[in-house]
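Structure record follows, encoded as C-alpha cells.
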Amino acid sequence: MSKQAVATHRTTVHTAAGARGLTSAEVAQRVSEGKVNENADIKTRSIPRIFRDNICTLFNLVNVILAVAIFWTGSYRNLVFLAIILCNVVIGIFQEVRSKLTIDRLSVITSTKAHVIRDGELQDIPLGEIVLDDVVELGRGDQVPSDCEVVSGRCSANESLLTGESDLVAKKTGDRLMSGSFVSAGSCRARVTAVGADNYATKINNAAKVFRRARSDIMDSLNKIIRIVTVLLFPIGALLVAKEMTLGGGTLQTAILHTSAALVGMIPQGLILLTSAVLAVSVIRLAQHKVLVQELYCVETLARVDVVCLDKTGTITTGEMDVDEVIPFKGVSYDDALHALVALDEATDDENETAKALHAYVKDLEEPSGVPAAIIGTARIVPFSSEHKYSGVCFGSEAGNYAIGAAEFVLKGCPALAEAQDTIVRLAGVRRVLVLAQVEDFDEEDEIIGEAMPLAFVFIKDRIRSTAKQTLEYFHEQNVRINIISGDAVETVSNIAQSVGVPDADRCVDMSAVGDEDIERVARECRVFGRVSPAQKRELVEALQKQGHTVAMTGDGVNDVLALHMADCSVAMGSGSDAARSVANLVLLDDDFASMPKVVAEGRRSINNLQRSGSLFLVKTIFSAVMSVLFIAIVAYNYPFMTIQLTLIDCFTIGLPSFVLALEPNHDLVRGEFLHNVVNKAVPGAICIVAAVLISVVYSFVMGLSQEQFSTLCVILTCVSGVNLVIRLSIPFNPIRVGLLVVILAGLILGIFVFGPVFLLTPFSFEMVIVTIILGVMITVLFNLLFNGAIRREKRYLASFGK
31 MSKQAVATHR TTVHTAAGAR GLTSAEVAQR VSEGKVNENA DIKTRSIPRI FRDNICTLFN
91 LVNVILAVAI FWTGSYRNLV FLAIILCNVV IGIFQEVRSK LTIDRLSVIT STKAHVIRDG
151 ELQDIPLGEI VLDDVVELGR GDQVPSDCEV VSGRCSANES LLTGESDLVA KKTGDRLMSG
211 SFVSAGSCRA RVTAVGADNY ATKINNAAKV FRRARSDIMD SLNKIIRIVT VLLFPIGALL
271 VAKEMTLGGG TLQTAILHTS AALVGMIPQG LILLTSAVLA VSVIRLAQHK VLVQELYCVE
331 TLARVDVVCL DKTGTITTGE MDVDEVIPFK GVSYDDALHA LVALDEATDD ENETAKALHA
391 YVKDLEEPSG VPAAIIGTAR IVPFSSEHKY SGVCFGSEAG NYAIGAAEFV LKGCPALAEA
451 QDTIVRLAGV RRVLVLAQVE DFDEEDEIIG EAMPLAFVFI KDRIRSTAKQ TLEYFHEQNV
511 RINIISGDAV ETVSNIAQSV GVPDADRCVD MSAVGDEDIE RVARECRVFG RVSPAQKREL
571 VEALQKQGHT VAMTGDGVND VLALHMADCS VAMGSGSDAA RSVANLVLLD DDFASMPKVV
631 AEGRRSINNL QRSGSLFLVK TIFSAVMSVL FIAIVAYNYP FMTIQLTLID CFTIGLPSFV
691 LALEPNHDLV RGEFLHNVVN KAVPGAICIV AAVLISVVYS FVMGLSQEQF STLCVILTCV
751 SGVNLVIRLS IPFNPIRVGL LVVILAGLIL GIFVFGPVFL LTPFSFEMVI VTIILGVMIT
811 VLFNLLFNGA IRREKRYLAS FGK
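Structure, rendered in C-alpha cells:
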C-alpha cells in the first residue's frame, strides 16, 4: 500500500461537535460587532506622500529660491546646478517607493481562501470574511488562516517558519493552531479564537512593517552638513546682497549672481548624488553575485558591522540532514535494528528533515520492505510531538510496535536509559542521536505503555556547507564577532560551531533557562545561543545594539522576522519565507552564505572610496562658507565666482575625479566616522583656496585689476588647489589615475584658455600669467605641507579604533 493510502487510512473522522459551525445569523451578529478577520495590517506611507516628502524639503526649497533668483536675472547658464538637485530627488523617490512596495508585500499568510463550516455545510470564503468562532476545516498542505483551537480530529503542524523548530508538532482536541503555520499530516476542524489585529501572524506583520531607515553614518553626516549650511545660507546671503549693492557698487542682478554662486557652493549637492550613484553601482555588482539589495544604504551598514548573528540552519548547515551511522544496542543484531527502521519508515510519511534523512538511508539499503504492505495498511501512526519528543508506529502483535526519538523520552523510566546516555555523550559529537526502540503499545494520549526495549542508536548529522569554515574565518580575520543563534539544543549547536571554527563556541547558553533580566548579560558574554525563541532573537539584537555594536542578522523564517527588522543590517535566504525576504535588507538568492564576504568587500570599496572622494566636495563647501563671510567685509571686490565658473571647477576638480576614484577597488577596513575622515582631508585644500583668494585680493587691488580679472585669477588658483588634492588622493598612481589627471588638466586648459568666454573668464596679460604661475607654486607648497599634517592626524585618529 502506498504512503498516500496510509495517510488516507489515518484520516480522522470528525465528531458532530465540530461539524455544525456557526449559523448565518451568528455570522451576521459577529460582523456587526466587528469580530471579523478584516485586514488589520498597518499602512505604510503612500506613494504621493513619498513624493511630497522628497520634494518638499528645506534643502530643495533653498535651491529653488536660488534658481528663481538666478532665472530672474536672465543668466540661464548659471542654472546648471539644478540638474544635480533633480537627480537627487529622483533617486530618493525611487529608493523609498521600492522599499514601500517591498514592505507592502510582507505577509505571513499566503493563502487567500478558507474552508469554513456554516449552517452545517462546507463553504469557501475569503480570509477577510472569517469571523470569531468560525469552524475551519484544515487538511494536509493547508495554511492556518487565523489563530484557532482544534475541536475535532488530529493533525501535525509545521510551525518551523514561526518558531524555528523543524519537527512537526502533533495537534489534538484543545490544542492551539497558530496563524501562518501549515498542516503537514492528518486533518482537523478548529474554532477561530482570534481575528484581525489579534492574530499572531498579523502582530508579526505589523511589527515588521514599521518603517525604519537604515542606520547610515554617511546619511547622518550629509544631513548634519545640510542642516548647518541651511542655517547659514539666509543671513550670509542677505548680507552679501546688501554689501554688493551698497559698498560693492553692483546692481541687484550682479549681486544675486555672485551671492547665488556663494550659496550654491556651500551646498554639497554633488556629494549626495555621488553617494547614491556609488551605492547604486554596488547594488548592480552584488546582483552579479546573486545578492539582491533591497535597501541602498545597507551596503554601507554591513561594511561597518562588528557582530554577525547567524542562524545555524542555512548558514553553517544547509538545512538538510543525513543518517551518519546506525549502531545496534548491546545484544541486538544489526539486521533486527534495520528491520524495525525500515518498517517504521514505510508506515509513516512525515516531511520534516529528520524523517527525510531516515527515508533516504532506508532507500539505499539492499534489504526490501520490513513488513508486508497489508500490515502497514492497518498501522496506527503516532506523529512526532514537541511534548513527547518521539514518533511511533503500531503494527500489532504480529509485526511489533516501534518508537524513535530522544533517548530521555523513549527510554523514560527504563534501566537502559543510563547506558544509552553514556553512549550518546561518548559518540555524539556534532551529531544528533535518536534511539530506536520496540514498545508494548501507546495509550490514547500517545504515551508509551510499559518498558521500551532499545534496538539501536541512529546518528544523524546536519549537512555542513563546504564554504562555512572559510566564510567564518573571513569574518574572524576582519574582527567581526560571530554569534550563532538557533532553536536547536545548545550542545548540538555548540559542537557544530566548534567544528567549523567559530571562536569561543564553548561560551554557550540554553536560552530556555534565561530570564528577561539576564538577556543583556548573556548577549555580552556568550557566543552560541540554543533553544532561542523568536522574541529572544529580537531581544538579543537589541541588547547588542545597546552595547554599542552594529549588528547584522541572518534568517529565513517568520520566526526571524522581528530580529531581522530590528538589526542594523538584515540578510535573508532566497528560499526562506516571503515574510523574511520582504523585511530583509539583503537577500542571498542562491542561499549561499559564502556570498557575504563579497558583500562586505563591496561595502568597504564603496565607503572607503566615498570618504576619499567626499573630501573633494567638502573643500568647496568649506571655502565657499569662509569666503562668503570674508567678502561681506572686503569692500574692494565682490565675491569672486559666478555659478557657471563653479561648474567648471566642479566638473574637473571634483565631479569627474570623485566618480572615477569612487569606483576603484578598495577593501581596507572601514574605520572612523565619515564626517571626521572627509573633513580632515578637505581642510588643507580649503585653507589653500582661501589663502589664494586673499592674496589675489591684495594683488588685484595693488595692480588695479577689474572684477572680471580678479575672478579669473581666483578661478585659476582654485583649480590649482583642486588638482593638488586630486593628485594626493590618487597616490599610489596606476594607469587609470594617471589617465584621470591627464583628462583633468586638458579639460581645465581648454575651459580656461579656449572656452574662457563661456565661463565668463577674461584673457590675461603676460605679467599676470607670470604672477599666476608664482602664486600657483606657492599654493602647491603650502597645500602639501598642510596635507602631510592631515595625514599624520588621520593616522593617530584611526589608531584609536584598533586594527
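Adding 30 to a residue's 1-based position in the sequence shown gives its number in my numbering. Even glycine gets a Cβ: it sits at the ideal position worked out from N, Cα and C.
- If you look at G644, you'll find it in the alpha helix (DSSP H) that goes M626 to A663.
- Taking C-alpha positions only, V773 is separated from Y327 by approximately 31 Å.
- For D473 and L466, the gap between their C-alpha atoms comes out near 19 Å.
- Spatial neighbours of M249 in its own chain (CB-CB distance under 7 Å, excluding positions within 5 residues in sequence) are listed in chain order as Y327.
- Counting the other Cβ atoms within 10 Å of the Cβ of K711 gives 16 or more, which makes it buried.
- For the pair K202 and C185, the Cα-to-Cα distance works out to about 7 Å.
- With a cutoff of 9 Å on beta-carbon distance, A610 and V588 are scored as near each other.
- Within the same chain, I123 come within 8 Å of F81 by CB-CB distance, once the 5 residues on both sides are set aside.
- Nearest neighbour of A187 by Cα position, chosen from I549, V213 and G51, turns out to be V213.
- A Cβ-Cβ separation of about 16 Å leaves P298 out of contact with T748 under the 8 Å criterion.
- In the DSSP assignment, G349 falls within the unbroken beta strand (DSSP E) covering T347 to P358.
- Counting other Cβ atoms within 10 Å of its Cβ, R634 reaches 16 or more and is therefore classed as buried.
- Looking at S363, E824, L619 and S654, the one whose alpha-carbon comes closest to that of R642 is E824.
- Excluding its 5 nearest sequence neighbours in each direction, T453 has no C-beta neighbour in its own chain below 6 Å.
- Burial is judged here by how many other beta carbons sit within 10 angstroms of a residue's own beta carbon; G104 has fewer than 16 and is exposed.
- Counted as a single uninterrupted DSSP element, the stretch harbouring P670 is not any beta strand (DSSP E), since DSSP gives it neither H nor E.
- Looking at the DSSP output, N431 shares a beta bridge with C424 and V469.
- According to the DSSP secondary-structure assignment, A215 is paired through a beta bridge with S186.
- Of L693, R221, L502 and V510, the smallest CA-CA separation from V181 is found for R221.
- A582 places its beta carbon 9 Å or farther from that of V308.
- Under the three-state reduction of DSSP, D622 is assigned to coil, being neither helix nor strand.
- Going by beta carbons, G781 and F789 fall inside the 9 Å limit.
- Within the region 78-129, the complete alpha helix (DSSP H) segments of 4 residues or longer fall at 88-103, listed in chain order.
- Here F489 carries a strand assignment [DSSP, helix/strand/coil].
- With the rule of 3 Cβ pairs closer than 8 Å, the region 499-511 does not count as touching the region 365-375.
- Counting along the chain, S600 sits inside no alpha helix (DSSP H); it lies in the beta strand (DSSP E) bounded by residues C599 to M603.
- Taking L112 as the centre and dropping the five residues before and after it, the same chain places the C-beta of N93 and A97 closer than 8 Å to its C-beta, in chain order.
- Between the region 260-273 and the region 342-351, the count of Cβ pairs shorter than 8 Å is below three; the stretches do not touch.
- Between the C-alpha atoms of T683 and A231 there is a straight-line separation of about 55 Å.
- Per the DSSP secondary-structure output, N513 pairs in a beta bridge with C339.
- The C-alpha of V294 lies about 9 Å from the C-alpha of L676.
- For I147, the enclosing beta strand (DSSP E) has its first and last residue at K143 to R148.
- When Cβ pairs closer than 8 Å are counted between the two stretches, the region 702-709 is seen not to touch the region 796-809, the count staying below three.
- Cβ-Cβ separation between M541 and G344: approximately 19 Å, too far for a contact (criterion under 8 Å).
- Nearest C-alpha to E355 among L340, V460, T378 and T260: V460.
- Per DSSP, the unbroken alpha helix (DSSP H) holding G300 starts and ends at Q299 to A317.
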